[in-house]
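Per our numbering, the sequence shown starts with residue 17, numbered consecutively.
Glycine included, every Cβ here is placed at the ideal spot set by N, Cα and C.
All values derive from a computational prediction rather than experimental measurement.
Worksheet for the structure shown next.
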Amino acid sequence: MRLDIHGGGCGHSCCLRVENLSVRIGADSILKDVNLHVHCGEMVALIGPNGAGKSTFLKAILGQREYEGIIAFSEPGQRSKKPRIGYVPQSPAFDPSDPVSVSDLFACCMSRRPAFLGLGKGMRETVLECLERVHGEDLIDKRVGTLSGGELQRVLLALALEPMPNILILDEPLSGVDVEGMETLMDMLDEIREVYDLSILMTTHDFSMLPRYADQVVLIDRGIKIQGSPEAVLSSEEFHQAFHLKGGKA
Ligand code: ADP
Ligand code: MG
């Protein structure tokens with residue numbers, strides 16, 4: 017079911033266009049007939065129970081899962097342009113005793129120098145500029161394993177934003193983050209979205225954030241059950257059924 021928040025057809029320029037997407041793993045149908053348009057500068061939240069296929073959907077967009085259907089990065093009728101996709105994976109676990117620092121992590125991802133040689137000349141400045149985007153300059157010398165959930169997400173976000181992508185994909189960035197950290201992270205994503213006209217596609221189980229930050233919410237459970245404005249989706253029968261909620265508004 018589609019509660020169209022853009023009026024009749026899709027008259028907007030699309031940054032990401034998914035049509036009739038299906039994913040099978042072995043004999044198992046994980047996703048069936050998924051249709052979704054994400055517009056430039058739009059924040060889209062994917063919600064659904066565990067095992068619904070949310071991460072699989074993101075992986076198909078990232079080219080890490082085989083699929084049937086269309087995943088294009090343009091408007092219908094135009095040739096699909098290859099976008100730069102920034103990806104923040106579901107929080108990886110780092111050992112608190114691991115000596116790897118935030119600057120080491122950037123050195124591994126951004127430079128060809130072995131991390132044990134430290135940051136090259138000028139590179140520290142670049143890393144500080146990247147961390148500045150997430151207000152995290154003070155994290156540069158911290159050990160990754162000692163960061164709080166919110167700090168780690170900000171560091172991973174800073175990595176995903178260099179170079180600046182056209183689309184940013186985040187898999188459950190709010191899990192393991194306390195309420196204060198969630199607001200900080202969502203405010204930051206909102207600011208980055210606006211400043212860079214970035215499209216953001218993220219999965220989350222935190223529904224309280226949706227009305228304030230999401231332009232569009234998509235409820236997935238092996239296929240799209242309902243999509244539309246946060247208010248419409250969160251008060252829908254489909255939402256209550258998917259999460260076994262009894263009556264009332266979310
Ligand atoms: P979600 O992110 O919504 O929790 P996933 O996309 O991770 O769900 O998984 C959807 C379904 O696909 C689950 O039933 C999961 O077991 C299955 N699945 C995901 N990845 C694999 C895989 N590599 N091999 C087999 N089954 C998988
Ligand atoms: Mg997942």
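Rounded distance between the beta-carbons of G161 and P105, thought under 8 Å
Contact flag wrong, Cβ pair sits at about 17 Å.
State the start and end residues of the unbroken alpha helix (DSSP H) segment that holds S71.
Looking at the DSSP string, the run of the alpha helix (DSSP H) that includes S71 is 70-77.
What are the boundary residues of the alpha helix (DSSP H) that G200 is part of?
For clarity, residue 200 is Thr in the given sequence; the question names Gly instead. T200 -> alpha helix (DSSP H) spans 195-212.
Heavy atom of ligand 1 less than 6 Å from the Cβ of N66, yes or no?
At least one heavy atom of ligand 1 sits closer than 6 Å to the Cβ of N66.
Go to Y103, then tell me how far its alpha helix (DSSP H) extends in each direction, as first and last residue.
Segment 101-104 is the beta strand (DSSP E) holding Y103; no alpha helix (DSSP H) there.
If you draw a straight line from the alpha carbon of I77 to that of I87, how long is it in whole angstroms?
7 Å
Could you name the residues that DSSP lists as bridge partners for H283?
The chain is shown only over 17 to 266; residue 283 falls outside these bounds and no answer can be derived.
Given this structure, state the Cα-to-Cα distance separating G39 from D237, to the nearest angstrom.
Looking at the sequence itself, residue 39 is Val, so the reference to Gly does not match. For V39 and D237, the distance between alpha carbons rounds to 13 Å.
For T219, which option in C31, L37, P189, E210 has the closest C-alpha, if you only look at C-alpha atoms?
P189
Whose C-beta lies closer than 7 Å to the C-beta of G197 among residues of the same chain, with five residues either side of it excluded?
S164, G165, G166
For ligand 1, I want to know if I46 counts as a neighbour, meaning its beta carbon is within less than 6 Å of at least one of the ligand's heavy atoms.
yes
Where does the unbroken beta strand (DSSP E) through Q243 begin, and where does it stop?
240-244
Quick one: is S215 buried, meaning 16 or more other Cβ sit within 10 Å of its Cβ, or exposed?
buried
Using alpha carbons as the reference points, say which of L32, H55, L62, R209 lies closest to L226.
Minimum Cα distance to L226 is reached at L62.
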